[in-house]
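Take a look at the structure set out below.
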Amino acid sequence: MIQFEDVGKMYPATSKGGEPTIAVQEFSLRIEDGEFCSIVGPSGCGKTTILNMLAGFETPTRGQIVVGDDVVTKPGPERTVVFQRPSLLPWMTVSDNIGFGLTIRDKNPKGHQQEIMQMVEEMGLSGFESHFPYQLSGGMQQRVSIARALITDPTSLLMDEPFGALDAQTRSDMQRFLLELWKTSQPTVLFITHDVDEAILLSDRVVVMTPRPGMVAEEFSIELKRPRKWDSILSTEFLRYKKQILSVLRQEAG
Amino acid sequence: MGYPWGNQKAEIIDEMPMAATDMTIMESGRNYRGYVPWIAALVALIVWEVVAALHLVSAVALPSPVQVFRDLIATATVGYSGQTLLSSTLFSFGRIAVGFALAVLVGIPIGFWMATTDWVFLIIDPFLQFLRPIPPLAYLPLIVAWFGIGELPKVILIFFCTIPIVIISAMSGVKGVQENRKRVAECFGANRWQMFRYVILPSALPEVFTGMRVGIGVAWTCLVAAEMIAASRGLGWMIMSAGGQLQIGVVFVGIIIIGLLGYGMELGIRTLEKKMVPWKGRA
Chain A
32 MIQFEDVGKM
42 YPATSKGGEP
52 TIAVQEFSLR
62 IEDGEFCSIV
72 GPSGCGKTTI
82 LNMLAGFETP
92 TRGQIVVGDD
102 VVTKPGPERT
112 VVFQRPSLLP
122 WMTVSDNIGF
132 GLTIRDKNPK
142 GHQQEIMQMV
152 EEMGLSGFES
162 HFPYQLSGGM
172 QQRVSIARAL
182 ITDPTSLLMD
192 EPFGALDAQT
202 RSDMQRFLLE
212 LWKTSQPTVL
222 FITHDVDEAI
232 LLSDRVVVMT
242 PRPGMVAEEF
252 SIELKRPRKW
262 DSILSTEFLR
272 YKKQILSVLR
282 QEAG
Chain B
5 MGYPWGNQKA
15 EIIDEMPMAA
25 TDMTIMESGR
35 NYRGYVPWIA
45 ALVALIVWEV
55 VAALHLVSAV
65 ALPSPVQVFR
75 DLIATATVGY
85 SGQTLLSSTL
95 FSFGRIAVGF
105 ALAVLVGIPI
115 GFWMATTDWV
125 FLIIDPFLQF
135 LRPIPPLAYL
145 PLIVAWFGIG
155 ELPKVILIFF
165 CTIPIVIISA
175 MSGVKGVQEN
185 RKRVAECFGA
195 NRWQMFRYVI
205 LPSALPEVFT
215 GMRVGIGVAW
225 TCLVAAEMIA
235 ASRGLGWMIM
245 SAGGQLQIGV
255 VFVGIIIIGL
265 LGYGMELGIR
275 TLEKKMVPWK
285 GRA
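As they're listed, the protein sequences go chains A and B.
Following my numbering, the numbering of the first sequence begins with 32 at its first residue and continues without gaps.
Following my numbering, the numbering of the second sequence begins with 5 at its first residue and continues without gaps.
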């Protein structure tokens, strides 16, 4: 279980006269184990800040974040992150990138071939394990990045607009792909996006945020039945959710 | 289970044309890349020969390529002032190799350390920035006064000329590491050494190599200054001495050998770079 307890984040004034910025304010949210939760909101509303605080890259200036029984103070292998840009290590092959977490954990760059090969296969990357990241397409690079995040069996997977840089076709392939993966290993997912369709299609719950300072504007439980197909986004229920969420976003934008 | 909706093949086939086009461009690129530098050098030689043959300037000031070639043979076999070309070259090369290698061995760790530890940066940076703009000729007298006129002062001069470049490139290489790459390692709980070994060091390598390529050029530039310190052998010494006696052909020989050696070292570092950082500029 992940719990944001009255979390706030303020960035101090800059030396060049920039005002202090309150990025996130009074943000409270509870995500159950195995839940797929998306956060949507206008750009600059602090979505990424929330994910960074949960990951442990940044510390809240108010409140706290609790995962299981522990307050988050630093990054950890049970909370892995997939960034918008794949952020692979270009000097490593695909299989070394996928196994990076195991290399760090076991202080041993060899000896994980079996797990890596299994992951390569699950990710549809067979035949590319010895390639370097720059030899792959954007979609494949992002799959390597997801594989890297999953190989250490995290309890939660934090995704920061992971498909935002992909073309429409690849994005929709990746969404289905992610749902398949999630169905099998069922980690808790916090998924940041600005794409309302994507949020509804993937999630158990969609959290809509206000513009900065970011707070929870409204939450929607998405009760579309799974497995969801590509045409789920044309169903009446789907459109009803979409209309509700868009109207909250419009209202918040003023 | 694999990729669950069965268009995996299509995507992979889609990938191939991209890779194939890359290959073809590289393949056809190789053809002219092989001979263009040689043609450029040949044209330069012909222009030189024509200008010399027209006697626009006196033959003493501008000997023809043929004359320079004769001088090359003479300095290589008989020698100049008792030093053969090979021994002059080896001495110069040795001074540069030692001075520059020391600068790399000392400079890279210092640069990394300055980039990661603030107080180290605060201590070293003023000295670095203070020393950097001083031309080597200006502190030459000091180096002679302190280290005499043997091999040591020449090596030290080259060391001091090149180490700022190496330090600065190593430092900026480390500072330029992409934040998200560090965060990935943090996520998995990397310790300081693992962070350095797997993320920071490889990230910094491309810039380190650029620094080394610039540094090796500067090292040769300093050589003439270094060999003005009461030297009796070396390419820089040979050039200065022959110039004083108006043996311009020998000056040309010295210049050409330095140019070729510098070029050779650059190619060497470039090859090493391609081996060690094949991803440079592509990620």
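Built from N, CA and C at the ideal position, the CB exists for glycine as well.
Using only the alpha-carbon positions, how far apart do residue i and residue j sit?
| i | j | result |
| --- | --- | --- |
| B/Asp26 | A/Gln166 | At B/Asp26 the pLDDT is 49, less than 50, meaning the model places this residue with poor confidence; the figure from the coordinates comes in the next sentence. Roughly 10 Å separates the two Cα atoms. |
| A/Trp213 | B/Phe116 | 41 Å |
| A/Pro164 | A/Gly65 | 30 Å |
| B/Pro8 | A/Gly107 | Legend: pLDDT at B/Pro8 = 42, less than 50; position of this residue unreliable, no value from coordinates given. |
| B/Phe256 | B/Lys279 | 34 Å |
| A/Ser234 | A/Met84 | 21 Å |
| B/Gly215 | A/Leu277 | 53 Å |
| A/Arg7 | A/Val247 | Outside the modelled stretch of chain A, which goes from 32 to 285, sits residue 7 of chain A, for which no answer is possible. |
| A/Phe159 | A/Gly142 | 19 Å |
| A/Ala196 | A/Lys47 | 32 Å |
| B/Arg99 | B/Leu205 | 28 Å |
| B/Arg274 | B/Gly266 | 12 Å |
| A/Ser252 | B/Arg196 | 42 Å |
| A/Gln172 | B/Leu89 | 55 Å |
| A/Pro185 | A/Ser216 | 10 Å |
Along the beta strand (DSSP E) that carries residue i, what are the first and last residues, could you check?
| i | result |
| --- | --- |
| B/Ile153 | B/Ile153 -> no beta strand (DSSP E), and no H or E assigned at all. |
| A/Arg61 | Thr52 to Ile62 |
| A/Ala248 | Val247 to Ser252 |
| A/Met190 | Ser187 to Asp191 |
| A/Ser69 | Phe67 to Val71 |
| A/Arg110 | Arg110 to Val113 |
Output, in chain order, the set of chain A residues within a Cβ distance shorter than 8 Å of residue i.
| i | result |
| --- | --- |
| B/Arg286 | Pro121 and Tyr165 |
| B/Gly193 | Pro106, Gly107, Pro108, Ile135 and Arg136 |
If you check the beta carbons only, do residue i and residue j fall under 7 Å apart?
| i | j | result |
| --- | --- | --- |
| A/Phe286 | A/Arg202 | Not covered by the structure: residue 286 of chain A. The range shown for chain A is 32 to 285. |
| A/Gln56 | A/Pro244 | yes |
| A/Ser118 | B/Val188 | yes |
| B/Arg217 | B/Pro168 | no |
| A/Ser69 | A/Val237 | yes |
| B/Gly238 | B/Glu231 | yes |
| B/Asn184 | A/Phe269 | no |
| B/Trp150 | A/Trp122 | no |
Which residue from the options puts its Cα closest to that of residue i?
| i | options | result |
| --- | --- | --- |
| A/Pro91 | A/Asp101, A/Phe58 and A/Ile253 | A/Phe58 |
| A/Asp37 | A/Thr124, A/Lys47, A/Ser46 and A/Arg61 | A/Arg61 |
| A/Leu210 | A/Gly158, A/Arg259, A/Met171 and A/Gln172 | A/Arg259 |
| A/Glu63 | A/Thr224, A/Lys256 and A/Leu188 | A/Leu188 |
| A/Phe222 | A/Gln282, A/Gln149 and A/Asp191 | A/Asp191 |
| B/Val254 | B/Ile243, B/Thr225 and B/Leu264 | B/Ile243 |
| B/Ala246 | B/Met199, B/Ile50, B/Leu76 and B/Gly103 | B/Leu76 |
| A/Leu120 | B/Met269, B/Gln182, B/Cys191 and B/Ile50 | B/Gln182 |
| A/Ile129 | A/Lys105, A/Phe35 and A/Ser157 | A/Ser157 |
| A/Gln282 | A/Gly39, A/Gly72, A/Met32 and A/Ile33 | A/Gly72 |
| B/Ser92 | B/Leu227, B/Gln251 and B/Leu250 | B/Leu227 |
Report the neighbours of residue i on chain B: residues whose CB is nearer than 8 Å to its CB, in chain order.
| i | result |
| --- | --- |
| A/Gly132 | Cys191 and Phe192 |
| A/Thr90 | The contacting residues do not exist; A/Thr90 stays about 13 Å from chain B at best. |
So with CB distances below 7 Å, who are the chain A contacts of residue i?
| i | result |
| --- | --- |
| B/Arg185 | Ser118 and Leu120 |
Which chain B residues are close to residue i, counting only those with a beta carbon under 7 Å from its beta carbon?
| i | result |
| --- | --- |
| A/Ala196 | Here the premise fails: no neighbours, minimum Cβ distance about 13 Å. |
Specify, as a first and last residue, the run of the alpha helix (DSSP H) that residue i falls within.
| i | result |
| --- | --- |
| A/Phe35 | A/Phe35 -> not in any alpha helix (DSSP H); beta strand (DSSP E) instead, spanning Ile33 to Tyr42. |
| A/Val103 | Unbroken run through A/Val103: none, as it is neither H nor E. |
| A/Val98 | A/Val98 -> not in any alpha helix (DSSP H); beta strand (DSSP E) instead, spanning Arg93 to Val98. |
Taking Cβ-Cβ distances shorter than 9 Å, what residues in chain B pair up with residue i?
| i | result |
| --- | --- |
| A/Ala86 | Arg187, Glu190 and Cys191 |
| A/Phe114 | Asn184, Arg187 and Val188 |
Check the Cβ of residue i against every Cβ in chain A and list those closer than 9 Å, keeping chain order.
| i | result |
| --- | --- |
| B/Pro206 | Leu120, Pro121, Trp122 and Met123 |
| B/Val203 | Leu120 |
Below 6 Å, is the gap between the Cβ of residue i and the nearest heavy atom of the ligand FMN?
| i | result |
| --- | --- |
| A/Leu277 | The ligand FMN is not among the ligands present in this structure, which contains no ligands whatsoever. |
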